[in-house]
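Here the structure is laid out as C-alpha cells; the discussion comes afterwards.
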Amino acid sequence: MRVRDRKVLRLHRRLAPYKVAFLNSTDDELKSLAVYLYENLRQSHIYCLFTPLDSSSKSPGSIESQLSANDKLGVPYSILIRDTALQDGLISIRNRDTTLEEKVHISKVNDYIESLLKNY
Numbered sequence: 001m002r003v004r005d006r007k008v009l010r011l012h013r014r015l016a017p018y019k020v021a022f023l024n025s026t027d028d029e030l031k032s033l034a035v036y037l038y039e040n041l042r043q044s045h046i047y048c049l050f051t052p053l054d055s056s057s058k059s060p061g062s063i064e065s066q067l068s069a070n071d072k073l074g075v076p077y078s079i080l081i082r083d084t085a086l087q088d089g090l091i092s093i094r095n096r097d098t099t100l101e102e103k104v105h106i107s108k109v110n111d112y113i114e115s116l117l118k119n120y
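Positions 1 to 120 (UniProt numbering) are the ones given, in order, by the sequence shown.
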C-alpha cells in the first residue's frame with residue numbers, strides 16, 4: 001500500500017510480529033542506551049526489532065532509509081535516539097501510520113509503549 005508515495009505494510013498492531021524497531025546509530029553511548037531500552041521492552045514481552053551494525057558496516061544509513069525499511073516490514077513504532085537523549089533523557093517514538101513523532105522520557109518508554117499497544 002502506498003501512503004504519500006511511500007511503501008508501507010499496514011499490519012494491525014496486534015498482528016505485527018515486531019511492535020517496535022530501533023534505529024541504528026554509530027555512536028557507542030547511543031547504542032548502549034538503545035540496548036538498555038531494548039532489554040527493558042523485551043522483559044515486558046514487547047517484541048522489538050534491533051539490528052546492531054556489524055563491523056563491516058560503517059554507517060547504518062540515513063534515518064529516512066531506516067524508517068522506510070521499518071515501514072516496509074510493518075513495524076508500528078520506531079524509536080529514534082538522537083544525540084540530545086544523553087543530556088535531556090528524551091527519545092522520539094514515531095508512528096508508522098501517521099509518521100508523527102512523540103517525545104518520551106527514557107524512564108517512561110515501557111509504560112508508554114504498553115499503553116499504545118493496549119489501547120488499540
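Ideal Cβ placement from N, Cα and C applies to all residues, glycine included.
query, result
"Quick one: is V109 buried, meaning 16 or more other Cβ sit within 10 Å of its Cβ, or exposed?", "buried"
"For a test of the three-state rule: what should DSSP assign to V109, helix, strand or coil?", "helix"
"I need the DSSP call for Y18, collapsed to helix, strand or coil.", "coil"
"Run through the DSSP bridge pairs and tell me what V104 is partnered with.", "I91"
"Along the chain, where does the beta strand (DSSP E) that runs through I79 open and close?", "Y77 to L80"
"With the cut-off set at 8 Å, would you say I63 and I113 are in Cβ contact?", "no"
"Let's see if you can read the secondary structure: which residues bound the alpha helix (DSSP H) around I63?", "I63 to L73"
"How would you label Q66, buried or exposed, when you count the other beta carbons within 10 angstroms and need 16 or more for buried?", "buried"
"Quick check: the Cα distance between E29 and G89, rounded to an integer number of angstroms?", "13 Å"
"Quick check: what's the CA-CA separation for K103 versus A21?", "16 Å"
"Which one of K72, A85, H105 and N95 has the shortest CA to CA distance from D5?", "K72"
"Please return the same chain residues whose Cβ sits closer than 8 Å to the Cβ of L49, not counting the five positions on each side in sequence.", "Y18, V20, A21, F22, N70, L73 and V75"
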